[in-house]
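Undergrad:
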Amino acid sequence: MAEVKWNITDKRFVAFFDILGFKDLVANNTHKAVLEKLDSLKKTILRFENLGEEKRLEAYKLDKNQSKSVTFSDSIIFFSKGETFKDLVKILLDSYGTIKFAIEKGLAIKGGISFGEITVDFEQSLFFGQPIIDAYLLHEELQMITAIMDNNFEVKLKTFDTDTLITNMIIDYKANLKSGRITHKLMKPFRKNIPTRIQSLTKLYDLTSGRPRLYIDNTIEFLKSIPE
């Protein structure tokens, strides 16, 4: 895969993720146990750089640095290189893989995805732009263990032709937000993987009580609603 130079400021996709209940995770586990979970997640995220080498994705011709990530404690942010269809595919694959791996490791996670002009300077550790704020604020509203897309993402999505990989990863749904049930596009697992995802989510009940279980309930209800 080719490695292409990034523009520091450009129109690009951003996906913002937070681990839910991180404070309780730290309080109820040893430092070593939490570190192992975070380290495992970080290593998996770094491997996403080589997704384009997978045979099933060869047709998309993804560059090695099609996206990059940065982590702050319990937060993970993915940035795409630009605004092409390849960038769209990569940011969705990053988001899909992060959600899948986190849940399998017993980590509840939620995210928001947006699009627009963003400055990304890894050398100066400088990251800013309205889409980052938009992704963060929308993800804060979400009461589900998945990723939600905002209007800027949806408008950009309409500029691309329909693609099977994309339609297998996102779906319109009345999302559970703090302000009520509101229609948005959400990240979903491939249909054949839904039973396994529900099993993984069910295991999270053993780690939570009260309000946090609402996120699990809402997500399982969402997965069961996805048509065959």
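First residue of the sequence shown: 5, per my numbering; consecutive thereafter. Virtual Cβ for every residue (Gly too), placed ideally from N, Cα, C.
Do the stretch 151-161 and the stretch 44-51 meet, that is, are 3 or more Cβ pairs less than 8 Å apart?
TA: The stretch 151-161, when compared against the stretch 44-51, does not touch it at the 8 Å Cβ threshold.
Undergrad: Which whole-angstrom value describes the C-beta separation of Leu211 and Gly110, a residue pair presumed to lie in contact below a C-beta threshold of 8 Å?
TA: About 6 Å separates the two Cβ atoms, so the contact holds.
Undergrad: Keeping to the same chain, check which residues put their C-beta closer than 6 Å to that of Phe164; ignore five residues upstream and five downstream.
TA: So the list reads Phe89, once near-sequence residues are dropped.
Undergrad: Any chance the stretch 103-120 sits against the stretch 132-151, with 3 or more Cβ pairs inside 8 Å?
TA: The answer is yes - the stretch 132-151 touches the stretch 103-120, with three or more Cβ pairs under 8 Å.
Undergrad: From Arg217 to Tyr209, what does the alpha carbon distance come to, in whole angstroms?
TA: Rounded to the nearest angstrom, the two C-alpha atoms are 7 Å apart.
Undergrad: Classify Asn33 as helix, strand or coil using the three-state DSSP reduction.
TA: Looking at Asn33 - three-state DSSP - the assignment turns out to be coil, as it is neither helix nor strand.
Undergrad: Pick from Ala139, Pro231, Asn32, Ile23: whose alpha carbon is nearest that of Leu42?
TA: Selected option, being the one with the closest Cα: Ile23.
Undergrad: Report the three-state DSSP secondary structure of Arg215 (helix, strand or coil).
TA: Arg215: coil per DSSP, three-state reduction.
Undergrad: Which residue comes first and which comes last in the beta strand (DSSP E) that contains Thr123?
TA: Its beta strand (DSSP E) spans residues 113-125.
Undergrad: Tell me the DSSP secondary structure of Leu161 in three-state form.
TA: Residue state, collapsed to three classes: helix.
Undergrad: With 16 as the cutoff for other CB atoms within 10 Å, does Gln203 come out buried or exposed?
TA: By the neighbour-count rule (16 or more Cβ atoms within 10 Å), Gln203 is not buried but exposed.
Undergrad: Kindly list the residues whose CB is nearer than 7 Å to the CB of Ser77, restricted to its own chain and excluding five residues on each side of it in sequence; keep chain order.
TA: If we look at Ser77 and ignore the five residues flanking it on each side, it has no Cβ neighbours.
Undergrad: Helix, strand or coil for Asn11 per DSSP?
TA: In this structure, Asn11 counts as coil in the three-state DSSP scheme.
Undergrad: What distance in whole Å lies between the Cβ atoms of Arg16 and Gly101, which are believed to be in contact at a cut-off of 8 Å?
TA: About 19 Å; that fails the 8 Å criterion.
Undergrad: Would a check of beta-carbon distances place Tyr140 closer than 8 Å to chain D?
TA: The displayed structure is made up of one protein chain only, and chain D is not part of it.
Undergrad: Please check the pair Ile175 and Lys196, which I expect to be a contact at CB under 8 Å, by giving their CB distance rounded to whole angstroms.
TA: Ile175 to Lys196, Cβ: 15 Å. No contact.
Undergrad: Checking 8 Å against the spacing of the C-beta atoms, do Arg201 and Leu227 come in under that value?
TA: Cβ atoms of Arg201 and Leu227: closer than 8 Å.
Undergrad: Does Asn11 pass the burial test, meaning 16 or more other C-beta atoms within 10 Å, or should it be called exposed?
TA: Classification for Asn11: exposed.
Undergrad: Looking at the structure shown, is Ser129 part of a helix, part of a strand, or coil, going by DSSP?
TA: Ser129 falls in the coil class under three-state DSSP.
Undergrad: From Phe82, Asp28, Ile230, pick the residue whose C-alpha is nearest to that of Asn172; which is it?
TA: Minimum Cα distance to Asn172 is reached at Ile230.
Undergrad: Suppose the cutoff is 7 Å on Cβ atoms and the five residues either side in sequence are ignored; what does the same chain contact list for Asp138 look like?
TA: Ser118, Asp154, Asn156.
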